[in-house]
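Chains as they are written, first to last, in our numbering: chain A, 1 to 365; chain B, 1001 to 1365.
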């Protein structure tokens, strides 16, 4: 076994999920994430945690959803009980075909998701962490050779997380102390309110309210969005290529949209529910171990010199106690490059210009 | 997809497990059983059942057990809750190496199993069915080419189960109505009492108290065994080759034994506990789709023209209500060929000669 697989498992169990003896862990394994699952099982065994492995396959989901009449039972009791009794949920992504569910009708997917809100809540109620095992399928999606992709993925995953957390804390402080964010770039001039919001220093650990490995972003839950934004980072959504999505907001809601490619997917997403037309997240990428787009949201949205916005569900961690933010069955991230001709303003002060933060050397105030 | 995979899935869901709309199904998937899992997911979707897939991998079990200190938590709540809320449990065996857990110490395995009694009971409390997907690893164990093994496995699995169940019912009736069975063959003359016992018509369906696919045997729980038996079907037991085991019984208990190969394994088994020296099962193979031994008990013991006896634990289904049969920590099946120079007598009447039953054409009374 590649020693980096063992290091990945150790970071996941130790830094990210903080697993302790006696805890009940659900390990969700993708079909090609087997090797990482073996390494994680070893970590869990050595810590005396209790392991149950589930199998997460796009091909199984596709077969099930296409055959079902669409009248899904709400929150099946066996799956709900499993998650309600779990302390930790570790998702090891890694399929054999990133388009495995491409021909599942959108309404079928939506009906399935809508029937599973309590299950989703129960999973989000655990100390959950999502990561991926670098597979040939992900390498292909990234237009990279397999070993090249492994190097890329482990550069992103095996960071000095403690030191990155300290760097990101500076941006979190700026956001926590202010009321409004403005993003200006080519095709973008967007204003969002962040009064009373708390930014998350997403340092790839549940100890930081951060649930992705790799991570490396600072995010918050915006409100009252006004203006236009263009997402120029190409990506695949629900099996479809999506390019240059443009959204126009008024009073927090999408009032117009378009795309050079994949407009139908955006339309499907916006139609999910009322919350799908509002933003649930503003995220600022700060992981400079990620040096290119690979059409994988887990990596792309964390990349330095990018900003992303998500349609749909907001994270509770960003909201005042007892207040619930935007609610939706979806959470779909879209990304824009801010390395050129861009600026990010917080309460009128430019804090990032062309990708460089004001607390970094080379910042051009 | 090979059409036989779909047929296998349909038989499993429909005939074997009798899955209905709204039922909660746990689908346990071996690493190389993916294709069958996809076909089963389609069947479950079309029936409106609720699917949760778990991942069953010898390599994960090995890594976990070898890393653990051996002081296992009893019945982890998340796994217990999953099974207690399941209606159906479908196990799709199919690993990449039948020796994947060969270097896990026996005491570690036993400590793990002992800590999971309630989980096991909960699983046995569902409508559970075990089957296997024909894999390269199983083909190798059977000394067969892959496609040759697929043909073999589907011949065994894709029977006309309804018609076989009717045929087997005739043997069940004969056994239920009588007191004594005598088996005579080369190296064998054995008498067993079956007063008050109920035979199981094991027709690969929970509707028949039968939990294996393939199945195709009629079995009961014998007592008061007298005489000698020779098991001439070669097999691997606990990783050791075993050939021509001979057991001599007096008043139901093994009083002498020998073997051409693997005598030490037989000795180990007999020493387990008191119940290990008594028979827990007499089974009569009636699946003529199985035409050769493949060193896999799921198939071998069901083969037509064979009889098997198990040392150890008896099944409750064969016993009068409230009576408990032979108890033991083991249940080890041993098989004898009855295709030649053999006869099976029930209360003094020959019911099978050289593999042919008296209710079949060609029977030589």
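Just so it is clear, CB atoms sit at the ideal spot from N, CA and C, and this is done for glycine as well.
Small disclaimer: the values here were computed from a predicted structure and weren't measured.
Straight-line spacing of the CA atoms in residue 127 of chain A and residue 214 of chain A works out to 16 Å. Residue 1059 of chain B and residue 1101 of chain B have their C-alpha atoms roughly 7 Å apart. The contact set of residue 1321 of chain B on chain A, defined by CB atoms closer than 8 Å, is empty, because the minimum CB distance reaches about 30 Å. The alpha-carbon separation between residue 1348 of chain B and residue 1173 of chain B amounts to approximately 16 Å. Three or more pairs of CB atoms, one per stretch, sit closer than 8 Å, so the stretch 1171–1191 of chain B contacts the stretch 1219–1233 of chain B. With a beta-carbon spacing of about 15 Å, residue 89 of chain A and residue 132 of chain A fall beyond the 8 Å limit used to define contacts. Annotation for residue 1045 of chain B: 1051 place their beta carbon closer than 8 Å to its own, counting only its chain and skipping 5 residues before and after. Between residue 234 of chain A and residue 293 of chain A, the C-beta spacing is below 8 Å.
Per DSSP, the unbroken beta strand (DSSP E) holding residue 1309 of chain B starts and ends at 1306–1312.
Legend: CB atoms of the stretch 32–54 of chain A lying less than 7 Å from CB atoms of chain B belong to residues 34, 37, 38, 41, 42, 44, 45, 46, 48, 50, 51, 52, 53, 54.
Taking 9 Å as the cut-off between beta carbons, none of the residues of the stretch 1109–1140 of chain B comes near chain A. Note on the stretch 72–142 of chain A: whole beta strand (DSSP E) runs with a minimum of 3 residues are 88–93, 127–132, in chain order. Taking 9 Å as the cut-off between beta carbons, the residues of the stretch 1060–1078 of chain B near chain A are 1060, 1061, 1062, 1063, 1064, 1065, 1066, 1067, 1068, 1069, 1071, 1072, 1073, 1076, 1077, 1078, in sequence order. Put simply, the backbone Cα of residue 99 of chain A is about 50 Å away from that of residue 1265 of chain B. Across the stretch 85–109 of chain A, CB contacts with chain B closer than 7 Å involve 85, 86, in sequence order along the chain. In the same chain as residue 1043 of chain B, and ignoring 5 residues on each side of it, the C-beta atoms closer than 7 Å to its own belong to 1009, 1010, 1013, in chain order. Here the alpha carbon of residue 1339 of chain B sits roughly 11 Å from the alpha carbon of residue 1357 of chain B. Looking from the CA of residue 123 of chain A, the closest CA among A:211, A:194, A:321, A:159 belongs to A:211. With a threshold of 8 Å between beta carbons, residue 1026 of chain B makes contact with chain A. Residue 329 of chain A sits in coil when the DSSP states are folded into three classes, being neither helix nor strand.
Residue-level contact by beta carbon fails for residue 202 of chain A and chain B, as no gap is shorter than 8 Å.
Leaving aside the five residues that flank residue 1004 of chain B on each side, the residues in its chain whose CB is nearer than 7 Å to its CB run, in chain order, 1154, 1158.
Interface flag for residue 1342 of chain B against chain A is unset, since no Cβ pair is found closer than 8 Å. Closer than 8 Å to the CB of residue 1082 of chain B there is at least one CB belonging to chain A. Look at residue 1057 of chain B: its C-beta is under 8 Å from a C-beta on chain A. For the pair residue 202 of chain A and residue 314 of chain A, the Cα-to-Cα distance works out to about 15 Å.
Residue 1188 of chain B carries a strand assignment under DSSP once its states are collapsed to helix, strand and coil. Following the DSSP letters along the chain, one finds residue 1040 of chain B inside the alpha helix (DSSP H) bounded by residues 1034–1047. For residue 1290 of chain B, the secondary structure class from DSSP, reduced to helix, strand or coil, is coil. Under the DSSP assignment, residue 215 of chain A falls outside any alpha helix (DSSP H); it carries neither an H nor an E label. The alpha-carbon of residue 23 of chain A is positioned some 37 Å away from that of residue 1275 of chain B. Counting every other CB atom within 10 Å of its CB across the protein chains shown gives residue 336 of chain A a total of 16 or more, marking it as buried.
Straight across, the Cα-Cα distance linking residue 263 of chain A with residue 269 of chain A is about 10 Å. Judged by DSSP secondary structure, residue 1227 of chain B falls within the beta strand (DSSP E) whose first and last residues are 1223–1231. Apart from sequence neighbours up to five positions away, the residues of its chain that approach residue 253 of chain A with a beta-carbon distance below 7 Å are 277, 278, ordered along the chain. Chain order gives the chain B residues near residue 22 of chain A as 1073, where near means a beta carbon separation below 7 Å.
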